[in-house]
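Worksheet: one structure, shown below.
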Amino acid sequence: MPFRTVVVGISDMVISADPEEVLVTYSLGSCLGVTVYDAVSGLGGMIHCMLPVSSVDPAKSKKVPAMFVDTGVPLLFEQFFAKGGDRSRMIIKAAGCAQLLDPRGLFKIGERNFTLLRKLLWKNALLLSAKDIGGSVSRTLMIEIGTGRTVVKSQGSEYEL
84 MPFRTVVVGI
94 SDMVISADPE
104 EVLVTYSLGS
114 CLGVTVYDAV
124 SGLGGMIHCM
134 LPVSSVDPAK
144 SKKVPAMFVD
154 TGVPLLFEQF
164 FAKGGDRSRM
174 IIKAAGCAQL
184 LDPRGLFKIG
194 ERNFTLLRKL
204 LWKNALLLSA
214 KDIGGSVSRT
224 LMIEIGTGRT
234 VVKSQGSEYE
244 L
């Protein structure tokens, strides 16, 4: 079946129930990519967050909540549930959070992004099903809405999460 690609840009979020769509986000360096999927409802979603906490720019977080992990990920979950996704069947996967442009580890944006995701999941009693986190490589993350198949591409390799 031919897929229609829907690009999830930086600081963007998409939720879909179209089985012919593939959500894809590129250039996950220190950014965090999260996918959610519910096989029964056929609903899937993806977010590409740049920074961990919205308190660095509250005005920006109101305009672009997906830019920040602390505002974007809860919004992804809220919209996923509102469109029919079920919490008990939700499969959550994450990729990114590398340390690319910070060789001395001063800012640790990727590490902080993942720490905040883990904290949000823990507070909400949700589990991460799979992850490809950290390191020093950029990644592309994809989810097929029709199947829930989640794939990471990096440095010429492709593997399923």
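In the numbering used here, the protein residues as written are 84 to 244. Positions of the beta carbon are idealized from the N, C-alpha and C atoms, including for glycine.
Limits of the alpha helix (DSSP H) - the one that residue i falls within
i           : result
residue 153 : 152-165
residue 93  : Note, residue 93: premise wrong, no alpha helix (DSSP H); not H, not E.
residue 142 : 141-146
Beta carbon of residue i nearer than 8 Å to that of residue j
i           : j           : result
residue 216 : residue 127 : no
residue 151 : residue 136 : yes
residue 105 : residue 130 : no
residue 318 : residue 113 : Examination of residue 318 is not possible in this model, given that the chain is present from 84 through 244 alone.
residue 234 : residue 222 : no
residue 123 : residue 163 : no
residue 166 : residue 98  : yes
residue 174 : residue 125 : no
Assigned exposure category for residue i - 16 Cβ within 10 Å defines buried
i           : result
residue 242 : exposed
residue 193 : buried
residue 27  : Within the shown structure, residues of the chain are numbered from 84 to 244, placing residue 27 beyond reach of any answer.
residue 141 : exposed
residue 176 : buried
residue 90  : exposed
residue 207 : exposed
residue 170 : exposed
residue 88  : exposed
residue 102 : exposed
Range covered by the beta strand (DSSP E) that runs through residue i
i           : result
residue 233 : 233-237
residue 204 : Segment 192-206 is the alpha helix (DSSP H) holding residue 204; no beta strand (DSSP E) there.
residue 240 : 240-243
residue 110 : 104-111
residue 215 : 213-216
residue 132 : 126-132
residue 149 : Element bounds for residue 149: n/a, residue is neither H nor E.
residue 179 : 174-179
residue 116 : 115-121
residue 228 : First-last for residue 228: undefined, no H or E at that position.
CB-CB length for residue i against residue j, believed under 8 Å
i           : j           : result
residue 219 : residue 244 : Not really, about 19 Å apart at Cβ, beyond 8 Å.
residue 115 : residue 200 : 6 Å
residue 108 : residue 224 : 5 Å
residue 168 : residue 95  : Residue 168 to residue 95, Cβ: 18 Å. No contact.
Residue-level contact to chain C via CB, residue i, 8 Å cutoff
i           : result
residue 135 : This model lacks chain C altogether; it includes just one protein chain.
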